[in-house]
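For the sequence shown, our numbering assigns the number 156 to the initial residue and increments by one for each residue that follows. Idealized CB from N, CA, C, for every residue including glycine. Since this is a predicted model, take the numbers as computed values, not measurements. Report on one structure; see the data block that follows.
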Amino acid sequence: MTYKILVVDDEPQIHTFIRISLTAEGYCYVGAQSIEEAKTIFNQQRPEVIILDLGLPDGDGIDFLNYVRHSSKTPVLILTARDQEDEKIRLLEAGANDYLIKPFGVRELIARIKVLVRDLVVNEPVTDVIKHGALSLQKSTHQFWINGNELALTKKEFAFIELLLAQPGNLVKQEVLLKRIWGPSHQEDTHYLRIMVSQLRKKLNNTAEQPFIKTEAGLGYRLNIVTDPEDQ
């Protein structure tokens, strides 16, 4: 699963720094610069983790934390320049899961995010079967079907389809795919992806009129969901 992380801060340089760091680790970055913008994104996209600055142009970040806590247990990491003990206690009592004092380093930021994500994984029910439209797969048995017909895939092809099926219709960036399938040392080897996707399209009997896999040039791939005839 690619975790979506909402960053709420009004400093453009902070957004740039965090976006680059999150993307390099395979996370999906979403940004907001005010409480109202953050509320809209939170309601529409339901991020798995929130990184929240306290000094926002339309109020205290605690106001947004309170808003989130009315309906969700989404982990919230607070960014603050306030290092007093009373302030830390106030944050934790308001529902923050963790806090990070500015200025901070990228390694500590990523380490704290990984702890929050790890806790999500512990509490998250294991999904063995993923199905969307005509496509379905079962992770435990490494099986894949199109319209109920099983199709043999290699380990890397299966991993690719699994990543796309986990978020149908959404763009999965090529650096994320390369890192997850081939490893961190292959994030620049985009030709690996092109060759594998070309072979996979032949197996899927992909056509231009009804493509299962859509290429976003220079960015990555997304899954086009084709309806199962039985559902029509």
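By a C-beta neighbour count over all protein chains shown, 10 Å radius and 16 as the cutoff for buried, is residue i buried or exposed?
i	result
R267	buried
I206	buried
P167	exposed
T344	The sequence shown places Asp at residue 344, rather than the Thr named in the question. Result: exposed.
G186	buried
V327	buried
G324	exposed
P258	exposed
E330	buried
G375	buried
V204	buried
A307	exposed
K269	exposed
Between which two residues does the beta strand (DSSP E) carrying residue i extend?
i	result
K286	284-287
A187	183-187
S291	290-293
K369	368-371
L255	253-256
G375	375-378
Keeping to the same chain, check which residues put their C-beta closer than 8 Å to that of residue i; ignore five residues upstream and five downstream.
i	result
E242	T235
D218	I190
D238	I256
R245	I217
L290	F299, W300, I301, I316, L320, F367, L378, I380, V381
Between residue i and the rest of its own chain, which residues show a CB-CB distance below 7 Å, the 5 nearest in sequence each way excluded?
i	result
H261	For clarity, residue 261 is Val in the given sequence; the question names His instead. Here the set comprises S176.
M351	K311, E312, F315
L348	Q329, L332, L333
I265	S176, E180
E371	L326, R377
N278	Model confidence at N278 stands at a pLDDT of 49, short of 50, so the residue's coordinates are unreliable and nothing is read from them.
Taking residue i as part of the alpha helix (DSSP H), name the residues at either end of that continuous run.
i	result
E242	240-249
L411	This structure cannot settle anything about residue 411, because the visible part of the chain is limited to 156 through 387.
Y347	345-358
F299	It is not in any alpha helix (DSSP H) - F299 instead sits in the beta strand (DSSP E) that spans 298-301.
K159	Run containing K159: none in the alpha helix (DSSP H); it sits in the beta strand (DSSP E), 159-163.
L318	310-320
When the cut-off is 9 Å and only beta carbons count, does residue i lie next to chain D?
i	result
G216	Here there is only one protein chain, and chain D is not present.
With a CB to CB cut of under 6 Å and the five nearest residues on each side skipped, what residues in its chain are close to residue i?
i	result
I173	V162
query: Per the contact definition of three or more C-beta pairs closer than 8 Å, is the region 334-348 in contact with the region 314-324?
result: yes
Start-end ranges of the beta strand (DSSP E) lying completely within the region 167-237, minimum 3 residues: 183-187, 204-208, 231-235
- prompt: Any contact of the region 207-220 with the region 184-193, i.e. 3+ C-beta pairs under 8 Å?
  reply: yes
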